[in-house]
Each structure stands twice: as structure tokens, then as C-alpha cells.
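Enquirer: Here it is, the structure in full.
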Amino acid sequence: MTMNPGGLLCFLLLAASRPGIVRGKVVKDFQECNWFFRDKVSPQGFGNDSASNLVRICQKYKNDYHFATLYQTDHRIPMYSAYRYPCSMGQDEAHRPAAWFLEPQIDNLNLPDEMANNINSLGKLQALNSDYKGEDYQRGHVYPFKLNNKTSGTSTCTLTNAVPMTPKANKIWYHKVEAVVTKLAGACHKSGRVMYLVTGPANITEEKLKGRVSVPGFAWTALCCTFPQDQSEDPCQSTPTSAELEGENEVTYNKDYSLAFMKDLESEAEAEHLTVNELQRQLGVGNIFNSCGSGSQAEEEIFEEIKDLIKQIKISVADPMLEEDSLPQPLSKENDGNDLVIEPIAAPLELASEEANEAICPSIITTIFIPFKNIAHAIMIFAQLFAAVLRVIRVLAVTVLRIPFGIIYSTVSCLTTMAKYLIVTVFSVPQDLLCIVVSIVSDTTNVISWVGRLIRYFIRIL
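So the number in the working numbering is just where the residue sits in the sequence shown, counting from 1, plus 1494.
Given below as C-alpha cells:
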């Protein structure tokens, strides 16, 4: 699809006047941003290089490339995003725009390479914000937002870097994979190395949002901790690191290694830890990384050591990085269709006024009932406090009364037992003596009877 001349002119003027707009350039290959790949070689075997349904994007924002994406236009989700740590470029603090960005060049290469969140005629070959509205799915990051605290974090909020995840699956993936990878990335850099990462979906299901955006069944991520061999024209080399990720007490591992995670998005089970070779076999692809231990005999030994390293990384639920509020929030179920209209007034990196009002302004009915809700809550707390006081009084009373009554009970019980055994003993002695006398008389009678029979026997013989 193409834009009319007036719309194109409006878009060009908007892009020229807004230097902070995200750029995402569709490229023939990844040469313009190849430093995100190990040895500047992109993953192999992810579809046919000339396939019409695959688009390569060097994701650009504020004149910097922040990561690279291989995008599937038939499923409208990425096949993978490749990124690095440390590589948090820019000076602005990272934040999440209300409407995520789109890539105009996916639908029309004649459009500028400025990524925007509202423009006419987009959506034929890519996901839109409206695809997620009214659905039970969130825009799940592929390249995670929390790996950066600067401009690079904002650049991850693009629909070309998102796959549908339920809120529960998104949270579990964040806690069980992204948080662990973040800690490993900090430990890797503290050993003097950098980490190359590639993340993507797998096992595409038949379910589609609005009949357009495919829902994956699995998610995976592969990482490679090593020294970059070619540091020429490498913008990531001079980027600052995050003190939040690299605390003084973080563990380190002074070897090159590779590792992979795979997670069933419909299960609460732990993520599976794999070697990169195992992940490649399951995905049916070639090398994700160029070398980095893949295929070497030492990979299995190092893999076991890294599993032990992960056990040392204590991921606390109370960690500020793991707060639930930091996760992506679902879109409003009202579809206003704004992602198909140019809005030159609204800044793409700011909340739209309607969405901001929905987020912070309660309804009139809710406001009216807030005092009653607070009163009911106070009554409930008072009742719980009163019940707790009664329980304490009861325990104290029982404890105080139990001391004298316990002594009396124990004494009486002891005397009763002694009396019982004394009575039994006294009455049992005569009974035992009588039994003995009867037994002696009986035995004597038996002996006399036996002797009489013996005498009669001898008399008969004589």
C-alpha cells in the first residue's frame, strides 16, 4: 500500500520536526547493525534468506541502532531479536510509551525509515496496537525492556519486538528467564566480557489475535558470554553499564560460555536449561552464534558449571527489578482505531490523553463508594483486632490457671496410682499363697496315687 502525496508530505514534516522519533530501518542484510551478532555473523537457518515473509530490521532510535530483528510478516511476530549487554545507549531514562511503535517500511519500502505509532495504511504485514485491544494477551517483549535503563530500553517498545503472551505467562517468563539472564549478563560483564543474546518464539499455535497476530506456544533465548573479536565500528564498546545490574556482590565466571533457555508459555514449570546445540536441534536451525563453544567438547562441561552458577544467583521476589508493576500492562479493551490515523500533535513517547485519563481517573461510581469501602475495611480490621485480643486473653487465662490446677491434678493422679497398686498388691499376695498351697496338695495327692498304683502292680506280679 502507498500513501497519498499529502499524507506522505505530512509524515515527512512530522519526522523532520520530531528528532526523537524511533527509526527502524528495513535492510537487505544486517551489515548496518551487525555488531549485535557474535563475530558480526547473524544466526543461520532461520528460514530462506530470500523468503518474502521475512524482513530484517535494524532497530534505530534517536540516531542509534539498539538491536536487530528478523520479522515474520505472515505471523506478524518476530522470528528473533538479537541484542547485547552492555549496550544501553542514549542519555534519557527508559520508559514505556502507551502506544507501541510500528515500522512503516514493512508495509511499504517507499515510506521513510522513521518508526511511528500512528500512520495511515499500516498493518497489512505487521501487528498493530489495536490487535491487542480487547484480547487476553499482552505485548510480550522479545528483547527485554529491563536489560536497559536508558534510551535503549524505550526502543524495545515496538510491535516488531513483541509476541502475544497472557499476563500470567508474561510474568512467569519475566521471573524465570529474563531476570536470570539479566543477572548472568551482569556477571558476564564483570568478568571483562560481553554477552550476545538472541531471543524468539517457537511452536506457533493456530490461535491468532483478531485473526492476524499468531500466538506462540514456547519462547526461547540463547546467550553467549565472550570477548568481541572485532571491535572496529562497535558502538556498544563505549556504552555505560548499569550499577543496578552489576552489584558488588554479583558472582562472576571467568570463562567463555553459551547457554539457552526454553519455556512452555502455557505451563508454570521451570524454564528448561539447554546447551545452544540442543536448542538449535529443537528449533531445527543452524548456528545461532558463530562459535562461542557451540559444538565443542568442552561445552557440556561448561554447561554443568553454568547451571551451578545459576544456583548461586539468588533471585529475590522483593528485588525492585522483579516488581510486578514493572511488567507490561494490558491494553484497554476499547479500540479507538487510533493506530491507523496520523496524530501530529501527540508525541509518540508520551501517554495519549485518553489513555492517561483511563489509567489515573476513577469513575464517578467508584469515587462515591470509596468512603463506604474504607469504612467497611476499618470495621473489618477492628473486628480482627478484637478477635486477636480475645485470643490473647484466653491463652493467658488458660496458662495462668493451668499452673495450680496442673499441680493438683498431677498429685492426685500420682496418689491414685500408688493406692491402686498397693491394693492390688495386698489382695494379690494371699491369692498367690493359696494358689501355691493348692498346687502343693494337688501334686502330693498325685504322687501318693501313683505310689499306690505301683505297689498294686508289684503284688499282682508276686
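The C-beta atom is built at its ideal place from N, Cα and C for all residues, glycine as well.
#1: Quick one: grab the DSSP three-state call for threonine 1693.
#2: Measuring only the C-alpha atoms, how far is aspartate 1758 from proline 1658?
#3: Quick check on the DSSP output: the beta strand (DSSP E) that includes cysteine 1718 runs from which residue to which?
#4: Would you say arginine 1532 and phenylalanine 1797 are within 7 angstroms of each other, going by their C-beta atoms?
#5: So for glutamine 1725, helix, strand or coil by DSSP?
#6: Any idea what DSSP makes of valine 1521, helix, strand or coil?
#7: Give, in chain order, every unbroken run of the beta strand (DSSP E) that is at least 3 residues long and sits entirely within the region 1641 to 1682.
#8: How about leucine 1753 and isoleucine 1807: do their beta carbons lie closer than 7 angstroms?
#9: Who are the near neighbours of aspartate 1625 in its chain, counting only those whose CB is closer than 7 angstroms to its CB and skipping five residues on each side?
#10: Check whether the Cβ atoms of phenylalanine 1595 and serine 1575 sit closer than 7 angstroms, and answer yes or no.
#11: Taking the beta strand (DSSP E) that phenylalanine 1561 falls in, what are its first and last residues?
#12: Pop quiz: asparagine 1697 and phenylalanine 1721 are said to be a contact at Cβ under 8 angstroms. What is the actual Cβ separation, rounded to whole angstroms?
#13: For the beta strand (DSSP E) that contains isoleucine 1571, what are its first and last residues?
#14: Pick helix, strand or coil for threonine 1699, following the three-state DSSP scheme.
#15: Buried or exposed for aspartate 1819, going by 16 or more other Cβ atoms inside 10 Å?
#16: Please state the DSSP three-state secondary structure of isoleucine 1782.
#17: Where DSSP assigns a beta bridge to valine 1549, which residues make up the other side?
#18: Does any heavy atom of the ligand MN sit closer than 6 angstroms to the C-beta of arginine 1532?
#19: Terminal residues of the continuous beta strand (DSSP E) containing aspartate 1758?
#20: Between glycine 1780 and the rest of its own chain, which residues show a CB-CB distance below 6 angstroms, the 5 nearest in sequence each way excluded?
#21: Any idea if proline 1484 is buried or exposed, counting beta-carbon neighbours within 10 angstroms, 16 or more meaning buried?
#22: Quick check on DSSP: helix, strand or coil for valine 1459?
Expert: According to the structure data:
#1: In the three-state DSSP reduction, threonine 1693 falls in the strand class (E or B).
#2: Approximately 13 angstroms between the Cα atoms of the pair.
#3: Residues 1707 to 1720.
#4: Result no, Cβ atoms of arginine 1532 and phenylalanine 1797 do not sit closer than 7 angstroms.
#5: Reduced to three states, the DSSP call for glutamine 1725 is coil.
#6: Correct three-state label for valine 1521: strand.
#7: Runs of the beta strand (DSSP E) spanning 3 or more residues and lying entirely within the region 1641 to 1682 occur at 1656 to 1659, in chain order.
#8: The answer is no: Cβ separation not under 7 angstroms.
#9: For aspartate 1625, where only same-chain residues beyond five positions count, the Cβ hits under 7 angstroms are Leu1703, Lys1704, Arg1706 and Val1707.
#10: No; because the gap between Cβ atoms is not below 7 angstroms, this pair is not in contact.
#11: From DSSP, the beta strand (DSSP E) with phenylalanine 1561 extends over 1558 to 1566.
#12: At roughly 34 angstroms, the Cβ-Cβ gap does not stay under 8 angstroms, so asparagine 1697 and phenylalanine 1721 are not in contact.
#13: Segment 1571 to 1579, the beta strand (DSSP E) holding isoleucine 1571.
#14: In this structure, threonine 1699 counts as strand in the three-state DSSP scheme.
#15: Caution applies to aspartate 1819, whose pLDDT of 40 falls short of 50 and renders its modelled position unreliable; the value that the coordinates give is listed next. When all chains shown are included, aspartate 1819 counts as exposed.
#16: Residue state, collapsed to three classes: coil.
#17: Valine 1549 pairs with Tyr1565.
#18: In terms of ligand content, the structure shown is empty, and the ligand MN therefore cannot be addressed.
#19: For aspartate 1758, the enclosing beta strand (DSSP E) begins and ends at 1751 to 1758.
#20: Counting only residues of its own chain and dropping the five nearest sequence neighbours on each side, glycine 1780 has a CB closer than 6 angstroms to the CB of Gln1538 and Gly1539.
#21: Missing from the structure shown is residue 1484; the chain here goes from 1495 to 1956 and no further.
#22: The chain is shown from 1495 up to 1956; residue 1459 falls before or after that span and cannot be answered.
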